[in-house]
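Heads up: the sequence shown at position 186 corresponds to 186 in UniProt numbering, and the numbers run straight through without jumps.
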Amino acid sequence: MAEEEDLSPNLLTEDMEHSNGGFVPPDGLCWLSVLSCLLLACSYVGSLYVWRSDLPRDHPTVIKRRFTSVLIVSGLSPLFVWTWREFTGVRTGPSLLALMGIHLEGLIPAIVLPLMLTMVLFLGPLMQLAMDCPWSFMDGIRVALDPWFWMLCFSDMRWLRNQVVAPLTEELVFRACMLPMLVPCAGPLTAIFTCPLFFGVAHFHHVIELLRFRQGTLSGIFLSAVFQFSYTAVFGAYTAFIFIRTGHLIGPVLCHSFCNYMGFPAISAAMEHPHRLTVLSSYLMGVLLFLFFLFPFTDPSYYGLPTPVCTLTSSPSSLCLS
1 MAEEEDLSPN LLTEDMEHSN GGFVPPDGLC WLSVLSCLLL ACSYVGSLYV WRSDLPRDHP
61 TVIKRRFTSV LIVSGLSPLF VWTWREFTGV RTGPSLLALM GIHLEGLIPA IVLPLMLTMV
121 LFLGPLMQLA MDCPWSFMDG IRVALDPWFW MLCFSDMRWL RNQVVAPLTE ELVFRACMLP
181 MLVPCAGPLT AIFTCPLFFG VAHFHHVIEL LRFRQGTLSG IFLSAVFQFS YTAVFGAYTA
241 FIFIRTGHLI GPVLCHSFCN YMGFPAISAA MEHPHRLTVL SSYLMGVLLF LFFLFPFTDP
301 SYYGLPTPVC TLTSSPSSLC LS
């Protein structure tokens with residue numbers, strides 16, 4: 001009778017380490033990772049200010065100029081990851097693009113499931129929007145299928161910035177490039193809460209423009225900046241979670257675009273809504289359903305277990321397993 005194969009945890013861990021290229025974190029990895037992320041964040045934000053202008057940020061000329069600079073930085077951002085990998089000597093099984101969430105395996109679930117999960121979270125605001133919208137459901141369908149409507153959208157610089165360029169470039173830089181550099185050092189869980197700090201701090205640059213154009217009092221601007229940092233940090237942690245669990249960039253990008261469209265939930269308006277009980281119940285139901293479906297909808301087995309970024313860890317993480 002053949003001997004049974006030894007499947008002890010130690011041997012499983014060793015096998016996983018060998019399959020991941022025998023990864024052992026080198027000395028100074030965390031410092032290099034954090035400095036690389038900081039340099040990347042500064043490059044992204046700094047690119048917005050290479051143009052000298054007295055116009056506000058929402059002016060079409062300013063938006064077009066910033067499109068140019070931010071797209072250049074975003075296009076070069078994979079070089080940061082490649083340089084980090086060369087300096088640290090971290091060997092990776094998946095390709096650089098796969099580590100950044102750009103691959104075909106599990107693409108359809110990555111497009112559908114994270115967006116559905118985010119829409120569940122916004123059940124209350126969606127219900128509120130549906131109640132207040134003067135259009136019928138069929139009117140909305142007709143508008144969504146009208147090519148002229150989309151032509152108008154893509155000709156609107158603010159819409160293009162909020163729904164396309166900002167979600168794509170920010171998720172590419174602050175999730176797809178930073179997480180592969182942070183996970184080997186900090187592990188998936190810590191990286192989820194560390195990565196958004198760069199994202200949140202990067203949004204502090206709006207304070208400069210608010211002060212410059214005197215859009216509010218000093219205390220009001222400061223409170224707005226703190227609120228925006230908190231909100232963007234929480235949102236960044238959510239999309240970082242999606243990126244690690246699914247291993248795809250497309251999910252965070254679509255969720256980012258959807259959240260930009262919805263904006264922060266108008267809770268005060270919900271409290272004063274004529275159908276307040278229904279709206280508030282939808283808010284509560286959305287949060288509960290979101291928590292219930294959070295892990296099932298992001299099950300890595302739907303996207304090709306293990307997800308590429310999870311191969312950077314020397315030991316398995318519960319976030320990387322179904």
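Each residue gets a CB set at the ideal place from its N, CA and C atoms; glycine is no exception.
These numbers were taken from a predicted model, which means no experiment stands behind them.
- When the Cα atoms are used, Lys-64 and Leu-32 turn out to be separated by approximately 33 angstroms.
- Of all alpha-carbon atoms in Ser-301, Ile-244, Phe-264, Arg-57, the one lying nearest the alpha-carbon of Gly-101 is that of Ile-244.
- Exclusion of the five residues before and after Ser-74 leaves Tyr-44, Leu-168, Thr-169, Leu-172, Val-173 as the residues of its chain whose Cβ lies within less than 8 angstroms of its Cβ.
- Taking a 10 Å sphere around the C-beta of Phe-235, we find 16 or more other C-beta atoms and assign the residue as buried.
- Met-100 carries a coil assignment under DSSP once its states are collapsed to helix, strand and coil.
- Leu-197 sits in a helix when the DSSP states are folded into three classes.
- Within its own chain, the residues whose Cβ lies closer than 8 angstroms to the Cβ of Val-279, once the five positions on either side in sequence are excluded, are Gly-124, Met-127, Gln-128, Met-131, Ala-270, His-273, listed in chain order.
- Scanning Gly-46, Leu-39, Leu-104 for the CA closest to the CA of Gly-304 turns up Leu-104.
- Taking the Cα positions, Ser-318 is about 22 angstroms away from Leu-115.
- Spatial neighbours of Phe-258 in its own chain (CB-CB distance under 8 angstroms, excluding positions within 5 residues in sequence) are listed in chain order as Leu-115, Thr-118, Met-119, Phe-122.
- Ranking Gly-247, Asp-146, Leu-223 by CA distance to the CA of Pro-188 puts Gly-247 first.
- The residue among Pro-308, Leu-277, Ser-322, Cys-320 with its C-alpha nearest the C-alpha of Leu-249 is Pro-308.
- Taking all protein chains shown into account, Val-50 has fewer than 16 neighbouring C-beta atoms within 10 Å of its C-beta and is therefore exposed.
- Secondary structure note for Pro-60: its alpha helix (DSSP H) is the uninterrupted segment 60-88.
- If you draw a 10 Å sphere on the C-beta of Ser-36, you find 16 or more other C-beta atoms in it, and that means buried.
- Close CB contacts of Phe-193 within its chain, under the 7 angstroms cut and outside five residues either way in sequence, are with Ala-237 (chain order).
- Using a Cβ distance threshold of 8 angstroms, Arg-158 and Asp-54 do not count as a contacting pair.
- Trp-84 counts as buried, since no fewer than 16 other beta carbons sit within 10 angstroms of its beta carbon.
- In the structure shown, Gly-187 falls within a coil segment according to DSSP collapsed to helix, strand and coil.
- 8 angstroms or more divides the Cβ of Leu-107 from the Cβ of Pro-78.
- In this structure, the CA atom of Gly-286 is about 12 angstroms from the CA atom of Pro-265.
- Boundaries cannot be given for Cys-133, as no alpha helix (DSSP H) includes it and DSSP labels it neither H nor E.
- Leaving aside the five residues that flank Val-165 on each side, the residues in its chain whose CB is nearer than 8 angstroms to its CB run, in chain order, Phe-67, Val-70, Leu-71.
- DSSP places Val-164 outside any alpha helix (DSSP H), giving it a letter other than H or E.
- Excluding residues up to 5 positions away in sequence, Ser-322 lie with their Cβ nearer than 6 angstroms to the Cβ of Asp-299 in the same chain.
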